[in-house]
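Chains as they are written, first to last, in our numbering: chain E, 109 to 182; chain D, 48 to 228.
Here a beta-carbon is modelled for each residue, glycine too, at the ideal position from N, C-alpha and C.
In C-alpha cells form, the structure reads like this:
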C-alpha cells in the first residue's frame, strides 16, 4: 500500500479544521455545575458509597479469605 | 509568572473553585479546538468541552501539578470525544461538513473528483472510532505523534500502527467500491 498516497487522499477528502471558539463557555459550565450540585429528589451517590462499603466490610468479616483478593483489586 | 501558574495548579489540586475558573478561561479554547479536530462538529465540540471540564472538575484530586494541565486536560477531552464518537451513527459525522467543503477545497488535486473525495470521507467516517481518532489527529490535523499518543494514553508506536490500520482499512473499503487509490 502506498501510505503517502492514502494520506494525501485523506487530507484532500477531509480537510483540517480551522474554526476557533467564538464564545465564552464559562456561563454554560456554571449551569452544568449548578445542575449537578443540586441533585434531584435529595438523592446522591453517598448512599451507594455507604452501601458498597458495608457490603465489602461484611464480606471481609464473614469470608476473611477474600481480603487478599479485595486488596489485590484495590 | 511561572510561580503564579504553579500556585493556580496547586490550588486547583486542592479543589479551589477560583483556580478552576482561571484554568477554564485559559484552556477552554485549546480544549475546544482539540475536540473539534476529533468530532468535526462545532456544536458537539462545545458540549464536549463542557463535559471535559466537568470531568476535570470532578477529578481535581487526581491531578498532578508537576505534570502540567495541558496534557491532562487533552487526555480527558480525547476520552470524552471518543465516548461521543462511539454513540454517533457512523456516516453522519463527516458527510454534511465534507460536502460543504468538497466544492472547492484549498489544495485539491484536480485528478481526484469531488465524488471520490466524498466517498473517501464517508468510508473514513465508517472506520472504528479508535482508528479514526488516531488518523484524524496524526494525518489530517498533522499533530505531533507524541501529543496524539499522550492524549490517547498509548505509545507512539501504537499511534503509528493505528494510523496504518486506518489507512489500510480505508484502502480496502475504497477498493470494494471500485476505487483504486
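Beta-carbon proximity of residue 125 of chain E to residue 84 of chain D, cut-off 7 angstroms: Result yes, Cβ atoms of residue 125 of chain E and residue 84 of chain D sit closer than 7 angstroms.
Residues near residue 206 of chain D in its chain [Cβ-Cβ closer than 8 angstroms; skip 5 each side]: 181, 185, 192, 195, 196 and 199
Residue 215 of chain D beta carbon less than 7 angstroms from that of residue 129 of chain E: At the C-beta level, residue 129 of chain E and residue 215 of chain D stay beyond 7 angstroms of one another.
Which of helix, strand or coil DSSP assigns to residue 123 of chain E: coil
Through-space distance from residue 178 of chain D to residue 136 of chain E, alpha-carbon basis: 31 angstroms
Proximal residues of chain E, C-beta to C-beta of residue 71 of chain D below 9 angstroms: 133, 134 and 137
Interface residues of chain D facing residue 182 of chain E [CB-CB closer than 7 angstroms]: Going along chain D, no residue has its Cβ under 7 angstroms from residue 182 of chain E, so there is no contact; the nearest lies around 16 angstroms.
Between the CA atoms of residue 119 of chain D and residue 58 of chain D - distance to the nearest angstrom: 16 angstroms
Inter-residue spacing [alpha-carbon to alpha-carbon] between residue 170 of chain D and residue 156 of chain E: For residue 170 of chain D and residue 156 of chain E, the distance between alpha carbons rounds to 44 angstroms.
Contact under 7 angstroms by Cβ, residue 122 of chain E with residue 168 of chain D: yes
Inter-residue Cα distance where the pair is residue 103 of chain D and residue 123 of chain D: 7 angstroms
CB contact check: residue 184 of chain E to chain D, cutoff 7 angstroms: In the structure as shown, chain E begins at 109 and stops at 182. Residue 184 of chain E is therefore absent and cannot be evaluated.
Residue-chain proximity (residue 107 of chain D, chain E), Cβ-Cβ < 7 angstroms: No Cβ of chain E is located within less than 7 angstroms of the beta carbon of residue 107 of chain D.
Chain E within 7 angstroms of residue 150 of chain D, Cβ atoms only: With a pLDDT of only 43 at residue 150 of chain D, under the threshold of 50, the placement of this residue in the model should not be trusted; the figure read from the coordinates follows. Taking Cβ atoms only, chain E never reaches closer than 7 angstroms to residue 150 of chain D, which makes this a no.
Chain D within 7 angstroms of residue 115 of chain E, Cβ atoms only: yes
Whole-angstrom distance between residue 78 of chain D and residue 132 of chain D, CA atom to CA atom: 16 angstroms
Start-end ranges of the alpha helix (DSSP H) lying completely within the segment 51-133 of chain D, minimum 4 residues: 64-86 and 89-105
Buried or exposed by the 16-neighbour rule on C-beta atoms within 10 Å, applied to residue 127 of chain D: buried
The segment 69-96 of chain D: positions lying closer than 8 angstroms to chain E by Cβ: 71, 72, 75, 76, 79, 80, 83, 84, 87, 89, 93 and 96
Presumed contact (8 angstroms Cβ cut-off) between residue 132 of chain E and residue 89 of chain D, rounded CB distance: Not a contact, Cβ separation roughly 15 angstroms.
Residues near residue 74 of chain D by beta carbon distance below 8 angstroms, same chain, minus five either side: Cβ neighbours of residue 74 of chain D beyond the five flanking positions: 116, 117 and 120.
Chain-ordered chain D contacts of residue 127 of chain E [CB-CB under 8 angstroms]: 80, 83 and 89
Below-7 angstroms beta-carbon distance, residue 186 of chain D vs any chain E residue: yes
Where the alpha helix (DSSP H) through residue 217 of chain D begins and ends: 203-223
Start-to-end residues for the alpha helix (DSSP H) that takes in residue 194 of chain D: 192-199
CB contact flag (residue 218 of chain D, residue 114 of chain E, <7 angstroms): The answer is yes: Cβ separation under 7 angstroms.
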